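A short write-up of the structure that comes next.
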Amino acid sequence: MSTPPSSTQRESRLLEAFVQMADTLVDDYDIAEMLHQLAQYCVRLLNAAAAGLLLSDQRGGLQVMASSSEQTRLLELFQIQANEGPCLDCVRTGEPVHVPDLTEMTGRWPSFAPEALHEGFAAVYAIPLRLRQDTIGALNLFNTGPGPLPAADVEVARALADTATIGILQERAIRRGEVLTEQLQTALNNRIAIEQAKGVLAYAANLDMDRAFQALRSYSRNHNIRLTEIAHRLVTGTLTPADIVATGGPA
Amino acid sequence: MARQPMADPWDERLAKARAALLHALHGTDPLGAVCRSCVRLVPVAGASVSMTGGRAQAEMLCSTDDLSARIEALQFTLGEGPTVDAFTAGRPVLVPDVPGAPAQAWPMFAQAMTGQAVGAIFAFPLQYGAISIGMLSLYRERPGWLSGGDLAIALEIVDVAALALLNHRTGVLNGEQLAFLPRGREQIHQATGMLIAALGIPADQALARLRGHAFATGRLIDEVAHDIVNRHLHPRDLDQ
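Chains A and B are the protein sequences, given in the same order.
Here the numbering used here is used: the first residue of the first sequence is 1070, the next is one more, and so on.
Here the numbering used here is used: the first residue of the second sequence is 636, the next is one more, and so on.
Encoded structure:
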């Protein structure tokens, strides 16, 4: 792990991150890509070991939408929380969940806590993504050392969670519940298409899932086509794995 | 805005609805049963399920009543309406107030609906990521959106309808294990992608192959997907 940034460094990084996010949000953007960037910012700004975003499926469950790394084991750790863990508790109560020491939680979360400890994490935090009274998901942070999240980091995490909420709901005025459902369900399904596309590319180009994701992102950026659109094209065969690996493969 | 509490996964009503839907999947006419369960489980007047093949081709497979059938047929004839939009965009189109909806959205369809007892239309695409298989359309006689609890059940119905339609399309028999396809498991979707690339088959067939293998070997689809993603099982071993 890197050393924590100084307060001046941190302030300028924060500023840079929010300026970039604001830039994204005024443009025609892809929710999947925006949330991926946000997860990266969480790791950098909060000095977290890993970060992920989970959304409510509106059926009582949660689905992973973005992760600071697409490593299979990390994604699994987020996904376990559809059944138990800090994110589920956070979404159900609408309140942040801070777990400075995971070893104390093996009784409460018999699947999640041992799995997270096994992966080398010691502390976990979940910050709600809130829209007025609704909680639409959670921002999940992991640290390798035990301890509480510093007060300044709590503020930053909350601001990043709010940015995610705004980003998911896009420019639409979400005053009515049905528009929220349209947005959430579409975002969740697009994430499934990205997983399918990762699989296509992972097999065809013999990459691990994280590399496959990076290749999709590079192609998306180089060709200025949304990540979601590329995923759909690759899965339905209008784009071939060779197109992606040949012209926009991993750097 | 009225408070819309997120669904409680252990909610008794939701659990009962899940059990009823599972039962519907096992009958002789799963699609019809799923369609009818919409009217029974959520406050809507009618429902229909259509299968979509190529571009703009849709075939209605079941409906609960004449008006549902007419709403669906009319939209695909005119080439406009909430269901057509939902199909084209691959996203739900939820119209809680049909008479009050802006007329420019669907001018011909809106005109055809004038005087009909159609207050709300909720059109859901039946899809798994990039695999688009059909549409579920619900209508209410009076305008109004669904409560959080009703929405959770409606979305469960969408999941089960997608599963029933996938079974119908790929010609698999109904069975205990085929009633299980969790959406949130990323490895199932990754494995589907790997099968597409390895076997050169369309996405819906890749998913069917994965499910079929799990069924034939008596394993959970999660386990099979896990083995494929971790390269313990080669996609070619699923080639029949």
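Each residue gets a CB set at the ideal place from its N, CA and C atoms; glycine is no exception.
Predicted model, so just to flag it, every value in this text is computed and none were measured.
Can you check DSSP and say which residues form a bridge with residue i?
| i | result |
| --- | --- |
| residue 694(B) | 686(B) |
| residue 730(B) | 756(B) |
| residue 1168(A) | 1193(A) |
| residue 681(B) | 774(B) |
Less than 8 Å between CB atoms is the rule here; does residue i satisfy it with respect to chain C?
| i | result |
| --- | --- |
| residue 1269(A) | No chain C is part of this structure, whose protein chains are labelled A and B. |
Give the range of the alpha helix (DSSP H) segment to which residue i is assigned.
| i | result |
| --- | --- |
| residue 1199(A) | Careful: residue 1199(A) lies outside any alpha helix (DSSP H), inside the beta strand (DSSP E) at 1192 to 1200. |
| residue 1248(A) | 1246 to 1273 |
| residue 1183(A) | 1181 to 1187 |
| residue 1394(A) | This structure cannot speak to residue 1394(A), because chain A is shown only from 1070 to 1320. |
| residue 1220(A) | 1220 to 1238 |
| residue 1297(A) | 1296 to 1305 |
| residue 1174(A) | Looking at the DSSP string, residue 1174(A) is not in any alpha helix (DSSP H), and its letter there is neither H nor E. |
| residue 742(B) | 742 to 748 |
| residue 1292(A) | 1278 to 1292 |
Find the nearest neighbour of residue i within the set the options, judged by alpha-carbon distance.
| i | options | result |
| --- | --- | --- |
| residue 1147(A) | 1282(A), 1095(A), 1076(A), 1180(A) | 1180(A) |
| residue 1129(A) | 819(B), 866(B), 853(B), 741(B) | 819(B) |
| residue 735(B) | 706(B), 728(B), 745(B) | 745(B) |
| residue 865(B) | 1131(A), 1236(A), 1145(A), 1106(A) | 1145(A) |
| residue 838(B) | 1275(A), 1276(A), 1265(A) | 1265(A) |
| residue 1131(A) | 1171(A), 1115(A), 1082(A), 1155(A) | 1155(A) |
| residue 700(B) | 715(B), 711(B), 667(B) | 667(B) |
| residue 1251(A) | 786(B), 832(B), 803(B) | 786(B) |
| residue 662(B) | 803(B), 858(B), 840(B), 816(B) | 803(B) |
| residue 1263(A) | 1303(A), 1077(A), 1075(A) | 1303(A) |
| residue 795(B) | 774(B), 758(B), 653(B) | 653(B) |
| residue 1188(A) | 1235(A), 1285(A), 1213(A) | 1213(A) |
| residue 854(B) | 664(B), 830(B), 816(B) | 816(B) |
| residue 1075(A) | 1114(A), 1301(A), 1089(A) | 1114(A) |
| residue 1273(A) | 1237(A), 1308(A), 1235(A) | 1308(A) |
| residue 755(B) | 767(B), 773(B), 761(B) | 773(B) |
| residue 777(B) | 732(B), 738(B), 805(B) | 732(B) |
| residue 649(B) | 727(B), 705(B), 665(B), 789(B) | 789(B) |
| residue 1294(A) | 1091(A), 1097(A), 1084(A) | 1097(A) |
| residue 824(B) | 1221(A), 1300(A), 1289(A) | 1300(A) |
| residue 687(B) | 872(B), 874(B), 767(B), 705(B) | 767(B) |
| residue 782(B) | 1078(A), 1288(A), 1249(A) | 1249(A) |
| residue 1116(A) | 1084(A), 1287(A), 1256(A), 1222(A) | 1222(A) |
| residue 1220(A) | 1081(A), 1107(A), 1167(A), 1109(A) | 1167(A) |
| residue 1201(A) | 1159(A), 1172(A), 1079(A), 1234(A) | 1234(A) |
| residue 1158(A) | 1092(A), 1183(A), 1198(A), 1172(A) | 1198(A) |
Give me the Cβ distance between residue i and residue j, rounded to the nearest whole Å; I'm assuming they're in contact under 8 Å.
| i | j | result |
| --- | --- | --- |
| residue 602(B) | residue 730(B) | Since the first and last residues shown for chain B are 636 and 875, residue 602(B) lies out of range. |
| residue 1211(A) | residue 1086(A) | No, residue 1211(A) and residue 1086(A) are not in contact; Cβ-Cβ is about 19 Å, not under 8 Å. |
| residue 1205(A) | residue 1125(A) | 6 Å |
| residue 703(B) | residue 694(B) | The pair is not a contact, with the Cβ atoms about 15 Å apart (cut-off 8 Å). |
| residue 1099(A) | residue 1296(A) | 5 Å |
| residue 1195(A) | residue 1207(A) | 5 Å |
| residue 1209(A) | residue 1123(A) | 6 Å |
| residue 1111(A) | residue 1120(A) | 4 Å |
| residue 673(B) | residue 792(B) | 6 Å |
| residue 725(B) | residue 760(B) | 5 Å |
| residue 1254(A) | residue 727(B) | 5 Å |
Which first and last residues belong to the beta strand (DSSP E) in which residue i is found?
| i | result |
| --- | --- |
| residue 1205(A) | 1203 to 1212 |
Can you list, in chain order, the stretches of the beta strand (DSSP E) that have 3 or more residues and sit fully within the region 1120 to 1165 of chain A? 1131 to 1136
Within the region 756 to 786 of chain B, ranges of the beta strand (DSSP E) (whole runs, at least 3 residues): 766 to 775
Ranges of the alpha helix (DSSP H) found wholly within the region 641 to 675 of chain B, counting only runs of at least 4: 647 to 660
If we require 3 or more residues per run, which beta strand (DSSP E) segments fall completely within the region 785 to 863 of chain B? none
Complete beta strand (DSSP E) runs within the region 705 to 730 of chain B (minimum length 3 residues, chain order): 728 to 730
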